[in-house]
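Trainee:
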Ligand code: MCA
Ligand code: AMP
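This is the structure we're talking about:
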């Protein structure tokens, strides 16, 4: 099967080949300024598969690092990797070298596909990595002339497909491995629940190294023949202006938007800075959407209500998910089921239970908090090369322990997320941050920090902000600007503290553990 133009017969590709018989647009690549049909996509993916394979039949689960801007190139690299039997490891394009290097090394990447817009970074990344098969691609390499629809061949759906790095309560990020079967379960359930169809067009502004951007926004669209309009990154002014163009019909109408609460907060901020006439036009532009979704962090009620007011009545659909499980809970599509403060009910095929501290199953009780546990085809396979970490996150009877507390409320028993069980996990702007990882960097960055504790402090825009409390070596001082400059070279920018306090000593309990709750008042204004 190496020499002929072919794709495996997994539902995503099977569907795409069907849409390739029409002239439907798969990707509108805003950076390149071009649209690509499903026929272009399946053809380009099958071509790149051949290049990746060279004279082999199957990459047999080897990891393929991908560093591509959001757009057609990204999708082709991901699909070609899958088609060649590889596991895609998408890197965050805005991460510093150290974080990207960590992902490449940790995932034991053997092939690397980089886009030429990141040429310098690719060269730095692959320096000293002997035996790595590197492809550096230009935009014109993705130009498709006379595309044909590839043949198809069978593939085992239980093959690993994707590694996404996610922070935990211990140590550095771990690579969550999902299979084709997991991805299929995660995407197909959302296609039905959120009523995706081939006439949809999603405005995609999410990063493409998370389940949110990859599965909910990208894969769901391509699963059902919709169009993905891919933008490089979120910019509030650009988003409002694109929506106005859609509404005024100077650009295609958009039907779906998905994001984190911080993005809606930033859109509101921008809206408030506009003249009343422009505000009216922005509000009207929201009418083109049939669905706007919020998730990855809890949606504060004032934000939900303000959004409803300024968006011509859009009620954000809130859902709950996690890198390891995709989406588990979702409010219903019908407006009456989008009950404020809840994340709805389990999606079809997702098994959910709540366990209290004594190990009692409290799922059928009302207003009794419990640890949220999940089972189903949507659950990931393992943490890459970390059997012990994988084992720890599952109960003996095979339920995945999310680390989130939840309870059921109202007569209907909708689920409400109460927050993380561990204070050491922070969510800022939808990004998960391990306090321990940041503490470790603080203590090893040569700034004279003797002791450090990192906490998440509540923030109306970011959900939480990363805040550091430090004890300095005698005679040493530290300011926030210096700290941020030093850490930004080592950590993703959202992990870098935006608040800093220096204290003489950290409060600790009898076991010598910092009592972090006691630090929160330090940041009250
Ligand atoms: C950027 N900054 C941040 C964050 N992002 N600070 C705290 N938390 C953040 N998340 C800082 C930068 O360091 C920079 O600081 C300044 O903000 C401006 O950076 P910029 O990149 O321009 O910010 P932005 O473009 O406005 O980004 C904010 C964002 C982005 C759009 C909210 O963080 C984002 O796309 N978040 C969504 C991530 C997501 O999809 N998460 C899902 C994962 P300075 O100016 O000092 O340099 S969870 C998941 O996948 C599960 C399955 C789920 O449930 O969805
Ligand atoms: P991540 O591990 O980055 O995939 O983020 C998953 C985490 O985000 C979950 O474990 C929750 O803590 C949080 N999360 C996701 N969706 C919601 C939501 N709708 N409400 C509250 N928290 C959420």
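Residue numbers (the numbering used here): 4 to 528. A virtual CB, placed ideally from N, CA and C, is assigned to each residue, including glycine. The model shown is predicted, which means the values in this text are computed figures rather than measured ones.
(1) Using a Cβ distance threshold of 8 Å, determine whether the segment 413-432 contacts the segment 149-163, with at least three qualifying pairs required.
(2) Would you grab the beta carbon distance between residue 91 and residue 165 for me? Rounded to a whole angstrom, and I think it's under 8 Å.
(3) Give a yes or no on whether the C-beta atoms belonging to residue 45 and residue 153 are separated by under 7 Å.
(4) What span of residues does the beta strand (DSSP E) with residue 93 cover, start to end?
(5) CA-CA distance, residue 337 and residue 365?
(6) Hey, how far is the Cα of residue 318 from the Cα of residue 452?
(7) Cβ atoms of residue 385 and residue 194: under 7 Å apart, would you say?
(8) Using the DSSP secondary-structure output, state which residues sit across from residue 410 in a beta bridge.
(9) Specify, as a first and last residue, the run of the beta strand (DSSP E) that residue 528 falls within.
(10) Does DSSP put residue 235 in a helix, in a strand, or in coil?
(11) Residue 436 and residue 456 - do their beta-carbons sit closer together than 7 Å?
(12) For the alpha helix (DSSP H) containing residue 461, list its first residue and its last residue.
(13) Hey, could you find the ends of the beta strand (DSSP E) residue 104 is sitting in?
(14) Looking only at C-alpha atoms, which of 235, 220, 236, 237 sits nearest to residue 229?
(15) Given residue 173, which residues of its chain have a CB within under 7 Å of its CB, disregarding the five upstream and five downstream residues?
(16) Considering only C-alpha positions, which residue in the set 137, 291, 444, 20 is nearest to residue 115?
(17) Near residue 247, which residues of its chain fall below 7 Å by C-beta distance, leaving aside the five closest residues on each side in sequence?
(18) Output the residue ranges of the alpha helix (DSSP H) runs that lie fully inside the segment 301-368 and measure 4 residues or longer, sorted by chain position.
(19) Of the residues 510, 461, 124, which one's Cα is nearest the Cα of residue 502?
(20) Run the proximity test for residue 533: is its beta-carbon closer than 6 Å to any non-hydrogen atom belonging to the ligand AMP?
(21) Bridge partners for residue 112 per DSSP, in chain order?
(22) Could you give the DSSP three-state label for residue 225: helix, strand or coil?
(23) Indicate the three-state DSSP secondary structure (helix, strand or coil) for residue 499 in the structure shown.
(24) Please classify residue 433: does DSSP put it in a helix, a strand, or coil?
(25) Within 10 angstroms of the Cβ of residue 520, are there 16 or more other Cβ atoms? Answer buried if so, exposed if not.
(26) Quick one: any contact between the segment 82-102 and the segment 33-40, if contact means 3 or more CB pairs under 8 Å?
(27) Can you find a heavy atom of the ligand AMP that lies under 6 Å from the Cβ of residue 346?
(28) Hey, how far is the Cα of residue 125 from the Cα of residue 102?
Mentor: By the coordinates alone:
(1) Fewer than three Cβ pairs drawn from the segment 413-432 and the segment 149-163 lie within less than 8 Å of each other, which leaves the two stretches out of contact.
(2) Counted from its first residue, the chain shown places residue 91 at position 88. Counted from its first residue, the chain shown places residue 165 at position 162. Contact between residue 91 and residue 165 holds: CB atoms are separated by about 5 Å, below the 8 Å threshold.
(3) One-based indexing of the chain shown puts residue 45 at position 42. One-based indexing of the chain shown puts residue 153 at position 150. Their beta carbons are under 7 Å apart, which means residue 45 touches residue 153 by this criterion.
(4) Residue numbering aside, residue 93 sits at position 90 when the chain shown is read from its first letter. Here the beta strand (DSSP E) through residue 93 covers 90-93.
(5) Within the chain shown, the letter at position 334 stands for residue 337. Within the chain shown, the letter at position 362 stands for residue 365. CA-CA distance, residue 337 to residue 365, rounds to 28 Å.
(6) Taking the first residue of the chain shown as 1, we reach residue 318 at position 315. Taking the first residue of the chain shown as 1, we reach residue 452 at position 449. Those two C-alpha atoms are separated by around 46 Å.
(7) Locating residue 194 in the chain shown gives position 191, where the first residue counts as 1. Locating residue 385 in the chain shown gives position 382, where the first residue counts as 1. The Cβ atoms of residue 194 and residue 385 do not sit closer than 7 Å to each other.
(8) Within the chain shown, residue 410 is the residue found at index 407, counting from 1. The beta-bridge partner set that DSSP reports for residue 410 consists of 419.
(9) What you label residue 528 is simply residue 525 of the chain shown in a count that begins at 1. Premise fails: residue 528 is in no beta strand (DSSP E) and is neither H nor E.
(10) Stepping through the chain shown from its first residue, residue 235 is reached at position 232. Reduced to three states, the DSSP call for residue 235 is coil.
(11) Within the chain shown, numbered from 1, the residue matching residue 456 stands at position 453. Within the chain shown, numbered from 1, the residue matching residue 436 stands at position 433. Cβ distance not < 7 Å, so residue 456 and residue 436 don't count as in contact.
(12) Locating residue 461 in the chain shown gives position 458, where the first residue counts as 1. Careful: residue 461 lies outside any alpha helix (DSSP H), inside the beta strand (DSSP E) at 452-462.
(13) Within the chain shown, residue 104 is the residue found at index 101, counting from 1. Note, residue 104: premise wrong, no beta strand (DSSP E); alpha helix (DSSP H) at 100-109.
(14) Along the chain shown, read from residue 1 onward, the residue named residue 229 stands at position 226. Cα-wise, what sits closest to residue 229 is 220.
(15) Position 170 of the chain shown holds residue 173. Within its own chain, the residues whose Cβ lies closer than 7 Å to the Cβ of residue 173, once the five positions on either side in sequence are excluded, are 439, listed in chain order.
(16) As a position in the chain shown, residue 115 is number 112, starting the count at 1. With distances taken between Cα atoms, residue 115 lies closest to 137.
(17) What you label residue 247 is simply residue 244 of the chain shown in a count that begins at 1. If we look at residue 247 and ignore the five residues flanking it on each side, its Cβ neighbours are 284, 285, 288.
(18) Whole alpha helix (DSSP H) segments, 4+ residues: 304-313.
(19) Reading the chain shown from its first residue, position 499 is the one you call residue 502. Checked all of 510, 461, 124; the closest Cα to residue 502 is 461.
(20) The shown model of the chain, from 4 to 528, leaves out residue 533, and the question about it has no answer.
(21) As a working note, residue 112 is residue 109 in the chain shown. Beta-bridge partners assigned by DSSP to residue 112: 66.
(22) Walking along the chain shown from the start, residue 225 turns up at place 222. It is helical.
(23) Residue numbering aside, residue 499 sits at position 496 when the chain shown is read from its first letter. Note: residue 499 maps to coil in three-state DSSP.
(24) Taking the first residue of the chain shown as position 1, residue 433 is located at position 430. Three-state DSSP puts residue 433 in coil, outside helix and strand.
(25) On the chain shown, residue 520 is found 517 positions in, with the first residue counted as 1. With a 10 Å radius around the Cβ and a threshold of 16 neighbouring Cβ atoms, residue 520 comes out exposed.
(26) At 8 Å Cβ cutoff, the stretches do not touch.
(27) Mapped onto the chain shown, residue 346 falls at position 343. Residue 346 has its CB nearer than 6 Å to a heavy atom of the ligand AMP.
(28) Your numbering for residue 125 matches position 122 in the chain shown. Your numbering for residue 102 matches position 99 in the chain shown. A direct Cα-Cα distance of roughly 13 Å separates residue 125 from residue 102.
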